[in-house]
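Going by this note's numbering, the sequence shown opens with residue 24, and the numbers climb by one from there.
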Amino acid sequence: MKRRQSANTVAPVSLAARRLERYIAPMIVLGIETSCDETAAALVADDRTILSNVVLSQLDEHQPYGGVVPEIAARAHLDYLDGIIRQALDEANIELAALDGIAATGGPGLIGGVMVGVMTAKAIAAVQDVPFLAVNHLEGHALTARLTDDVDFPYLLLLVSGGHCQLLAVEDVGSYERLGGTIDDAIGEAFDKTAKLLGLGYPGGPAVEAAAATADDPKRFKLPRPLSGRPGCDFSFSGLKTAVRHAAAKLPDEVLSPGDAADLAGAFQAAVGDVLVDRCANALDAFAQSHAGAVPPLVVAGGVAANLHLRACLTALCEHRHTRLVAPPPALCTDNAAMIAWAGLEHLRRGATAGLDFAPRPRWPLDETRTANA
Ligand code: KG4
Ligand code: ZN
Numbered sequence: 024m025k026r027r028q029s030a031n032t033v034a035p036v037s038l039a040a041r042r043l044e045r046y047i048a049p050m051i052v053l054g055i056e057t058s059c060d061e062t063a064a065a066l067v068a069d070d071r072t073i074l075s076n077v078v079l080s081q082l083d084e085h086q087p088y089g090g091v092v093p094e095i096a097a098r099a100h101l102d103y104l105d106g107i108i109r110q111a112l113d114e115a116n117i118e119l120a121a122l123d124g125i126a127a128t129g130g131p132g133l134i135g136g137v138m139v140g141v142m143t144a145k146a147i148a149a150v151q152d153v154p155f156l157a158v159n160h161l162e163g164h165a166l167t168a169r170l171t172d173d174v175d176f177p178y179l180l181l182l183v184s185g186g187h188c189q190l191l192a193v194e195d196v197g198s199y200e201r202l203g204g205t206i207d208d209a210i211g212e213a214f215d216k217t218a219k220l221l222g223l224g225y226p227g228g229p230a231v232e233a234a235a236a237t238a239d240d241p242k243r244f245k246l247p248r249p250l251s252g253r254p255g256c257d258f259s260f261s262g263l264k265t266a267v268r269h270a271a272a273k274l275p276d277e278v279l280s281p282g283d284a285a286d287l288a289g290a291f292q293a294a295v296g297d298v299l300v301d302r303c304a305n306a307l308d309a310f311a312q313s314h315a316g317a318v319p320p321l322v323v324a325g326g327v328a329a330n331l332h333l334r335a336c337l338t339a340l341c342e343h344r345h346t347r348l349v350a351p352p353p354a355l356c357t358d359n360a361a362m363i364a365w366a367g368l369e370h371l372r373r374g375a376t377a378g379l380d381f382a383p384r385p386r387w388p389l390d391e392t393r394t395a396n397a
């Protein structure tokens, strides 16, 4: 990550010089992310520099339960958030007084954690007398590509995370048209459940990817490609997950061998890749129809976008369709606060901020994002 010196480290300077410096210096926003099991804080400047990006994963706290326990997550955010924010400020060498805004995930997510982040952000914003920005977590993922790459509106977004799987036309900040979504499990959930079934541990996505990489024969098991070949941009993963269970149950050994688990993980990942390509191809067609034949860049975002096999499948599709795939670095695909700071900056640049009366939203569809910062 690039670092940047604080605008306030050169002393003494006149008030006029300070004002001028503040005027020409890029705006800097503190981002806070607490919607699931990562406690994160980051400082991002609107010249697209990430000044610091601190992520504390609560893996150890939740591992014994095989999934995220909401109350444990909320208590952990409460314990760690202050220290994580301090660390982000120190690593960027920035004082609170140099900030132009405070952004926090306002939803969707686990309500206890979202409340901790939102209250902390509001308190800092009130004391520093700077705007508070309520960021839709999904919008954080959706706009990350504009932080990491040169991407203009409009573009096609494949949002693949633990709680979501959607295809959207991204028209502008706060303007999203949903083209399709999952009719049952989210894609990350399918990875996590499959990992559990195969005894690969938690968190499931990286475990499935690692096991699949060691597969001798991923074609050994024939798994379905749900909804593939059908019109539309919706997804379905529950049948695929069940097919993995049935395939595992048919094996003679009571306990899956590492080799069988790897082949099944490889077969599952290959099926998911084929499904994503099929659905994204339809979405590219739908986008072209509503945008006078335009072929948009395809942006992939969310934790599952860290998967290298899936990226390779989407890259091949984009080459075939003469467009480009934009995939942020894996560390900015999984939950982080740089994406929240950046989405906050995108709103702030347009003069849109949230009131201190903003109420956290455990459910908050991306196509309703306009309503938070006005
Ligand atoms: O975006 P994210 O960090 O949190 C949510 O907003 O949900 O996504 C977490 C999800 C989890 O289901 C995790 O298993 C999955 O992303 N994931 C992956 C990989 N890394 C994380 N799935 C597949 N392959 C990966 N390498
Ligand atoms: Zn996320």
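Beta carbons: idealized from backbone N, C-alpha and C, even for Gly.
CB residue i to CB residue j, shorter than 8 Å?
i: C188; j: G132; result: no
i: V318; j: R302; result: no
i: W365; j: L170; result: yes
i: G367; j: V52; result: yes
i: S184; j: V327; result: yes
i: G140; j: E56; result: yes
i: V322; j: V174; result: yes
i: L371; j: A165; result: no
i: T217; j: V298; result: no
i: P241; j: T376; result: no
Taking 7 Å as the cut-off, is the C-beta of residue i nearer than that to any heavy atom in ligand 2?
i: H440; result: The structure shown does not extend to residue 440, since the chain is modelled only from 24 through 397, so no value can be given for it.
i: D358; result: yes
i: S184; result: yes
i: H203; result: According to the sequence shown, residue 203 is Gly rather than His. No; taking the cut-off as 7 Å, the Cβ of G203 has no heavy atom of ligand 2 nearer than that.
i: G326; result: yes
i: H314; result: no
i: H416; result: Nothing in the structure corresponds to residue 416, since the chain is present only between 24 and 397.
Relative to the C-alpha of residue i, which candidate in the options has its C-alpha closest?
i: K186; options: D195, L180, F214; result: Rather than Lys, the amino acid found at residue 186 in this sequence is Gly. Here the closest residue by C-alpha is F214.
i: V78; options: T376, I125, L299, L66; result: L66
i: A48; options: L122, A350, R98, I108; result: L122
i: L340; options: D69, N305, L263, R169; result: N305
i: R201; options: L181, T128, C336; result: L181
i: F310; options: A192, L161, T167; result: A192
i: L82; options: V298, P320, M362, P93; result: P93
i: G262; options: L279, A148, I210; result: I210
i: V158; options: V231, G124, A272; result: G124
i: R225; options: P383, G89, G282; result: The sequence given here places Tyr at residue 225; Arg does not occur at that position. If we check each option's Cα against that of Y225, G89 comes out closest.
i: F106; options: T62, P154, L355, S259; result: Sequence inspection shows Gly at residue 106; the Phe mentioned does not correspond to that position. Residue T62 is the option with its Cα nearest to G106.
i: A233; options: H332, A360, G129; result: H332
i: L482; options: A127, I117, H85, G255; result: What the structure shows of the chain is the stretch from 24 to 397, and residue 482 is not part of that stretch, so it cannot be assessed.
i: Q86; options: P352, K245, G227, A329; result: G227
i: R253; options: H314, A68, G203; result: G203
i: L112; options: L179, N76, T143; result: N76
i: L348; options: R98, S80, D172; result: D172
Helix, strand or coil, according to DSSP, for residue i in the structure here?
i: Q189; result: strand
i: R201; result: strand
i: D105; result: helix
i: E118; result: coil
i: F381; result: coil
i: Y225; result: coil
i: S29; result: Caution is warranted here: a pLDDT of 30 is assigned to S29, below 50, making its placement in the model unreliable, and the coordinate value is therefore given only provisionally. In the structure shown, S29 sits in coil (DSSP, three-state: anything other than H, G, I, E or B).
i: F401; result: The requested residue 401 does not occur in the structure, where the chain is confined to residues 24 to 397.
i: E277; result: coil
i: V267; result: helix
i: D113; result: helix
i: T62; result: strand
i: A360; result: coil
i: A284; result: helix
i: I206; result: coil
i: P35; result: In this prediction, P35 scores a pLDDT of 44, lower than 50, which makes its location untrustworthy; no coordinate-derived value is stated.
i: N398; result: It is not possible to answer for residue 398, since the shown part of the chain is limited to 24 through 397.
i: M24; result: Any answer about M24 is weak, because its pLDDT of 35 lies below 50 and its placement is not dependable; what the coordinates show is given next. Looking at M24 - three-state DSSP - the assignment turns out to be coil, as it is neither helix nor strand.
i: V231; result: helix
i: L250; result: coil
i: A68; result: strand
Say the cut is 7 Å; is the CB of residue i nearer than that to a heavy atom of ligand 1?
i: G89; result: no
i: G130; result: no
i: A329; result: yes
i: P351; result: no
i: F214; result: yes
i: P229; result: yes
i: A232; result: Per the sequence presented here, residue 232 reads as Glu, with Ala not at that position. Answer for E232: yes, Cβ within range of ligand 1.
In the DSSP assignment, find the beta strand (DSSP E) that holds residue i and state where it starts and stops.
i: G129; result: 124-130
i: G316; result: G316 -> no beta strand (DSSP E), and no H or E assigned at all.
i: A157; result: 155-159
i: G54; result: 51-56
i: L180; result: 178-183
Which residue marks the beginning of the alpha helix (DSSP H) containing residue i, and which one marks its end?
i: G140; result: 134-151
i: T217; result: 210-220
i: L337; result: 331-343
i: L82; result: 82-85
When every heavy atom of ligand 4 is checked, does at least one fall within less than 7 Å of the C-beta of residue i?
i: H160; result: In the structure on display, ligand 4 does not appear, and the ligands it does have are ligand 1 and ligand 2.
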